[in-house]
Amino acid sequence: MAKEFNVPPVMFPSGGNPSNIPQQRYRPTAPFQPNPNLPFISFDVPSTSFSAPVFGGNNGIGGMGFEDEPPLLEELGINTPQIWRKTKSILNPFRVNPNLHEDADLSGPFLFIVAFGLFQLLAGKFHFGIILGWVIVAAMFLYVVFNMLAGRNGNLDLYRCVSILGYCMLPMVILSAMSLFLPQGGMLIFGLAGIYVIWSTRVCTRLLVELASCGDEHRGLIAYACFLIYMLFSLLVIF
Amino acid sequence: MKFFEALVVRRRCLRGSSLKLREEMKFFKVQRGGVRRGFICTAMYDNMGGQAGAPKPPFNPQPNPFGNAFSGAGSGLIRGGLGAYGERILGSSSEYVQSNISRYFSDPQYYFQVNDQYVRNKLKVVLFPFLHRGHWTRITEPVGGRLSYKPPVYDINAPDLYIPLMAFGTYVFLTGFSLGLLGKFSPEALTVLFTKGVIVWFIQGLVLKLVLYLLGGAEAPLLDLAAYAGYAFTGMCVAVLGRIVWSYSYYFLLPWTGLCMGMFLVKTMKRVLFAEVRGNDSSRHHYLLLLMALLQFPFFFYLGRAGV
Numbered sequence: 001m002a003k004e005f006n007v008p009p010v011m012f013p014s015g016g017n018p019s020n021i022p023q024q025r026y027r028p029t030a031p032f033q034p035n036p037n038l039p040f041i042s043f044d045v046p047s048t049s050f051s052a053p054v055f056g057g058n059n060g061i062g063g064m065g066f067e068d069e070p071p072l073l074e075e076l077g078i079n080t081p082q083i084w085r086k087t088k089s090i091l092n093p094f095r096v097n098p099n100l101h102e103d104a105d106l107s108g109p110f111l112f113i114v115a116f117g118l119f120q121l122l123a124g125k126f127h128f129g130i131i132l133g134w135v136i137v138a139a140m141f142l143y144v145v146f147n148m149l150a151g152r153n154g155n156l157d158l159y160r161c162v163s164i165l166g167y168c169m170l171p172m173v174i175l176s177a178m179s180l181f182l183p184q185g186g187m188l189i190f191g192l193a194g195i196y197v198i199w200s201t202r203v204c205t206r207l208l209v210e211l212a213s214c215g216d217e218h219r220g221l222i223a224y225a226c227f228l229i230y231m232l233f234s235l236l237v238i239f
Numbered sequence: 240m241k242f243f244e245a246l247v248v249r250r251r252c253l254r255g256s257s258l259k260l261r262e263e264m265k266f267f268k269v270q271r272g273g274v275r276r277g278f279i280c281t282a283m284y285d286n287m288g289g290q291a292g293a294p295k296p297p298f299n300p301q302p303n304p305f306g307n308a309f310s311g312a313g314s315g316l317i318r319g320g321l322g323a324y325g326e327r328i329l330g331s332s333s334e335y336v337q338s339n340i341s342r343y344f345s346d347p348q349y350y351f352q353v354n355d356q357y358v359r360n361k362l363k364v365v366l367f368p369f370l371h372r373g374h375w376t377r378i379t380e381p382v383g384g385r386l387s388y389k390p391p392v393y394d395i396n397a398p399d400l401y402i403p404l405m406a407f408g409t410y411v412f413l414t415g416f417s418l419g420l421l422g423k424f425s426p427e428a429l430t431v432l433f434t435k436g437v438i439v440w441f442i443q444g445l446v447l448k449l450v451l452y453l454l455g456g457a458e459a460p461l462l463d464l465a466a467y468a469g470y471a472f473t474g475m476c477v478a479v480l481g482r483i484v485w486s487y488s489y490y491f492l493l494p495w496t497g498l499c500m501g502m503f504l505v506k507t508m509k510r511v512l513f514a515e516v517r518g519n520d521s522s523r524h525h526y527l528l529l530l531m532a533l534l535q536f537p538f539f540f541y542l543g544r545a546g547v
C-alpha cells in the first residue's frame, strides 16, 4: 500500500535571486586622514640636519619616556635582588630561610651552572653539556623519589626541584673555584669535597622538606638522595 | 531470549598466605537471531526494542528474507544488536586489560612506603640473610573483601624500590670514584657504568621471571621482580667500597656478597613468590633455585669488572 504525499510546489524567483531583498551597494570609505588633535611623534626637519624624534607629552600614546621604563632584567622576569638574597641564604648552611625560595626561578641556577662550567674550563675540563645534562637528570630523579616518598600528598613540582637543586650547587661552584689552587688528587681536596658535599646536601634537604610539605618523616631518605647527587658532581671537580 | 551472555568463571586460588582471583575462562556465547525457516523471529523486535509502532513482519515466507532486515525495525535490530555486541566485547576487554595492568604493574607508590628504620633493617636482611631470625613470608591484610600485602613500612619482607634505586646510584658513584683513584675517570665512563648497571638489572629481572615461568607459571608484579633484582647492587656497593679501602679485600667481599645475595633471593622467592606456583615437583624447584643463586656470581663479577 503506497502512501501519497501532497507536496506543495516550490517557486523560485526568476534569475535565482529573491526579488524583494534590496540591493546594497558598497561605498568605499575615504582614505585615512590623520587627526591633528592626536599627539603623534612630531619630526622637526630643519633644512640642514635631522633632529631626534620628540615624543609627545604624558597625556597621549607616547606618554612614557625611556626613564620611566623598567630595567631589562626585570622585564625579562629576572629579579636580581631576590637571586642575591637566595644566594646569601644558602651561604649560611646553619640558618637557611626557606621562605625566600617559595618563588622558584631558573636564572640563579643557570648562573651557578655556567659558573661551575667556567671554573671547570679553567681547570682544563670542558664539562658544560655534561653538567647541564646531569642537573636535569638529577632533578628528575629527585622529583620522582621525593613525590613517591611523600605519597599522595607530594606537592613538589619539577620547576621548583630544578630551582632548589641549582641554588644548592653554590657550594660545588665554590669547591670548583678552590680546586684551581689545590693539588689534584691530594687528601686536602678530598676532605674539602666531603665538607662541601655535606653543606650542599644539608641545605638542599632542608629546603625540600620545608617547602614541600609531608617530607619531614623522610628527611634522612631524601638527604641520602641529595648526597648522592652532589657526590657525583664532586667527582667532576676532584678527578 | 537473551542474545549475548558473558560467562566469566573466577576461581579462587589459596596458596600459602596469598589469595588471588584468577580469571580462568572468558568466553562469549553469542546466539544469533536471524532468519529461521524463511521468516524473521518476532522475538527480535521484542528484545531489541525496535521503533515504536513499527509493524511486525508477517509470518508468511518472503522471496528475499534479508529484505526486511535493513528497513524499518531491522535498522533498530542492527543498531541495537551490534551496539550491544560491541559494548560487551569492549567492556570485557577493557576489564581484562585493567586487571592485567593492576596485576603486573602495581601502584609504584606502594614500593616507596618506607622509613629510616625499615631501610636499616632491610639492609641487614639483604647483606646478612643468615642472621634473619624471623619468617620470610609477606604479611597480608584484608582490603575491600580480598587479601593484599602490607606495604614495606609495616613488613620487612615486602619488596621496595627505594633501596635498589639508591644502591644503584651508590654503585655508580663508588665505581666512578674507584676509577678516579686509578686515574681512569671520565664522565663518559660513568655513562658506560650506568648503562651496564641498567642492563644487568634488566637481565636479572628477566632471569627471575624465567625461573618463575619454569616453575609453573607463577605471576608476580614486574615491580616486585625489579625490586628483588635491584637488591644485588647493595652487595656490589659493599664489594666496591672494600676495593677502595683495601684492594685485596675485593676478592673476598665479591664472592661473599654474591653468596649472601643468592641466599636472600632463594629464601625470598621460595616463600613469597613460589606460594603461587601450582605443582609439587620440589626437586625441580630446588635445582632452579640453586641455578638462580649461582647466577649471582657472574652478574657480580661483570658489575665488578665494569669499574676496572
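First to last, the sequence lines map onto chains D and G. Everything in the first sequence is counted per the working numbering, starting at 1 for the first residue and increasing by one. Everything in the second sequence is counted per the working numbering, starting at 240 for the first residue and increasing by one. The beta carbon of each residue, even a glycine, is placed where N, CA and C say it ideally should be.
| Where W296/D falls, given that 16 or more other Cβ within 10 Å makes a residue buried | This structure gives no information on residue 296/D, because the portion of chain D shown stretches from 1 to 239.
| Residues bridged to T409/G [DSSP beta-bridge criterion] | If you number the second sequence from 1, residue 409/G lands on position 170. According to DSSP, which records beta bridges pairwise, T409/G is partnered with nothing at all.
| Should the stretch 351 to 362 of chain G be regarded as contacting the stretch 146 to 154 of chain D, the criterion being three or more beta carbon pairs within less than 8 Å? | yes
| request: Go ahead and label P184/D buried or exposed: buried means 16 or more other beta carbons lie within 10 angstroms of its beta carbon, across all protein chains shown. | output: As a first step, residue 184/D is located in the first sequence; it is residue number 184 there, counting from the start. Checking the sequence shown, residue 184/D turns out to be Gln, not Pro. Exposed is the call here.
| query | How would you list, in chain order, the residues of chain D whose beta-carbon sits under 9 Å from the beta-carbon of D355/G? | reply | Your numbering for residue 355/G matches position 116 in the second sequence. Correct list: E217, H218, R219, G220, L221.
| message | Taking DSSP's pairing of strands, which residues face T379/G in a bridge? | response | Translated into the one-based positions of the second sequence, residue 379/G becomes position 140. In the DSSP output, where bridge partners are listed per residue, T379/G has Y388/G.
| message | Tell me which residues share the same chain as T201/D and place their Cβ nearer than 7 Å to its Cβ, disregarding the 5 neighbours each side in the sequence. | response | Here residue 201/D corresponds to residue number 201 of the first sequence, with the count starting at 1. So the qualifying residues of the chain are A223, C226, F227, Y230.
| field | CA-to-CA distance, L236/D to F540/G, given in whole angstroms | value | For the purposes of this step, residue 540/G is taken as the residue at position 301 of the second sequence. For the purposes of this step, residue 236/D is taken as the residue at position 236 of the first sequence. Taking the straight line joining both Cα atoms gives about 27 Å.
| For the candidate residues W84/D, E102/D, V173/D, W134/D, whose alpha-carbon lies nearest to that of A123/D? | Here residue 123/D refers to the residue found at position 123 when the first sequence is read from its first residue. Considering only alpha carbons, the answer is V173/D.
| Which of the three DSSP states, helix, strand or coil, is assigned to P494/G? | Translated into positions along the second sequence, residue 494/G becomes position 255. Correct three-state label for P494/G: helix.
| request: Note down the Cα distance separating Y526/G from K125/D, rounded to an integer number of angstroms. | output: As a position in the second sequence, residue 526/G is number 287, starting the count at 1. As a position in the first sequence, residue 125/D is number 125, starting the count at 1. So the alpha carbons of these two residues sit roughly 52 Å apart.
| Whether F207/D touches P98/D by CB criterion (8 Å) | Counting from 1 along the first sequence, the entry for residue 207/D is found at position 207. Counting from 1 along the first sequence, the entry for residue 98/D is found at position 98. The sequence shown places Leu at residue 207/D, not Phe. Yes, Cβ-Cβ distance for L207/D and P98/D is below 8 Å.
| Counting only beta-carbon atoms, is F412/G nearer than 8 Å to chain D? | As a first step, residue 412/G must be located in the second sequence, where it is residue number 173. Yes, contact with chain D.
| task | Please decide whether A225/D counts as near chain G, where near means a Cβ-Cβ distance under 8 Å. | result | For the purposes of this step, residue 225/D is taken as residue 225 along the first sequence, with counting starting at 1. Chain G, which has a Cβ nearer than 8 Å to the Cβ of A225/D, makes this yes.
| Three-state secondary structure (DSSP) of K125/D | Within the first sequence, the letter at position 125 stands for residue 125/D. Correct three-state label for K125/D: coil.
| request: Figure out for me which residue from I130/D, D157/D, L106/D has the closest Cα to the Cα of E427/G. | output: Here residue 427/G is taken as the residue at index 188 of the second sequence, counted from 1. E427/G has its Cα closest to that of I130/D, out of I130/D, D157/D, L106/D.
| request: Using 10 angstroms around the beta-carbon of M187/D, count the other beta-carbons present and answer buried if the total reaches 16, otherwise exposed. | output: For the purposes of this step, residue 187/D is taken as residue 187 along the first sequence, with counting starting at 1. Exposed.
| message | If distances are taken between C-alpha atoms only, which option among P347/G, S425/G, V437/G comes closest to A471/G? | response | As a first step, residue 471/G is located in the second sequence; it is residue number 232 there, counting from the start. The shortest Cα separation from A471/G among P347/G, S425/G, V437/G belongs to V437/G.
| message | What does the alpha-carbon distance come out to for the pair N153/D and L76/D? | response | By 1-based counting over the first sequence, the position of residue 153/D is 153. By 1-based counting over the first sequence, the position of residue 76/D is 76. In a straight line, the C-alpha of N153/D is about 33 Å away from that of L76/D.
| field | Residue-level contact to chain D via CB, S310/G, 8 Å cutoff | value | Reading the second sequence from its first residue, position 71 is the one you call residue 310/G. Residue confidence for S310/G is low, a pLDDT of 44 falling below 50, so the modelled location carries little weight and cannot support an answer.
| field | Supposed close pair F116/D, M169/D - CB separation, criterion 8 Å | value | Your numbering for residue 116/D matches position 116 in the first sequence. Your numbering for residue 169/D matches position 169 in the first sequence. Rounded, the Cβ-Cβ distance is 6 Å, consistent with contact.
| request: Report buried or exposed for L72/D, applying the criterion of at least 16 other Cβ atoms within 10 angstroms of its Cβ. | output: Position 72 of the first sequence, counting from 1, holds the residue named residue 72/D. Flag for L72/D reads exposed.
| What number of angstroms, rounded off, separates the C-alpha of D346/G from the C-alpha of L529/G? | Locating residue 346/G in the second sequence gives position 107, counting from the first residue. Locating residue 529/G in the second sequence gives position 290, counting from the first residue. Computed Cα separation, rounded: 31 Å.
| query | Contact check, I113/D vs V135/D under 8 Å by CB: the rounded distance? | reply | Within the first sequence, numbered from 1, the residue matching residue 113/D stands at position 113. Within the first sequence, numbered from 1, the residue matching residue 135/D stands at position 135. Going by Cβ atoms, the distance from I113/D to V135/D rounds to 6 Å, so yes, they are a contact pair.
| message | In whole angstroms, give me the CA-to-CA distance for M140/D and S522/G. | response | Here residue 140/D refers to the residue found at position 140 of the first sequence. Here residue 522/G refers to the residue found at position 283 of the second sequence. So the two alpha carbons sit approximately 46 Å from each other.
| Whether Y388/G touches T379/G by CB criterion (8 Å) | The residue you call residue 388/G lines up with position 149 of the second sequence. The residue you call residue 379/G lines up with position 140 of the second sequence. Yes.
| field | Uninterrupted alpha helix (DSSP H) stretches inside the stretch 392 to 464 of chain G (no shorter than 4 residues) | value | 401 to 420, 426 to 453
| field | Where the stretch 145 to 163 of chain D meets chain G: residues whose CB sits under 8 Å from a CB there | value | V145, M148, L149, G151, R152
| For D216/D, which of helix, strand or coil comes out of DSSP? | Position 216 of the first sequence holds residue 216/D. Reduced to three states, the DSSP call for D216/D is helix.
| said: In whole angstroms, give me the CA-to-CA distance for Q270/G and I442/G. | reply: The count along the second sequence starts at 1 and reaches residue 270/G at position 31. The count along the second sequence starts at 1 and reaches residue 442/G at position 203. Confidence at Q270/G is low in this model, with a pLDDT of 35, below 50, so its placement is unreliable and the value that follows should be read with caution. The straight-line gap from Cα to Cα measures roughly 48 Å.
| Do we get a CB-CB distance below 8 Å when we pair A545/G with the residues of chain D? | Taking the first residue of the second sequence as position 1, residue 545/G is located at position 306. No - not a single Cβ of chain D is within 8 Å of the one on A545/G.
| Quick one, which of I395/G, G415/G, W375/G, V382/G has its alpha-carbon nearest C476/G's? | Locating residue 476/G in the second sequence gives position 237, where the first residue counts as 1. If we check each option's Cα against that of C476/G, G415/G comes out closest.
| field | C-beta neighbour in chain G for L188/D, strict 8 Å | value | Reading the first sequence from its first residue, position 188 is the one you call residue 188/D. Not an interface residue.
| said: Within 8 Å of any Cβ in chain G, is that where the Cβ of I238/D sits? | reply: The sequence position of residue 238/D within the first sequence is 238, counting from 1. Yes, contact with chain G.
| message | What residue range does the alpha helix (DSSP H) around Y350/G cover? | response | Stepping through the second sequence from its first residue, residue 350/G is reached at position 111. Here Y350/G belongs to no alpha helix (DSSP H), and DSSP marks it neither H nor E.
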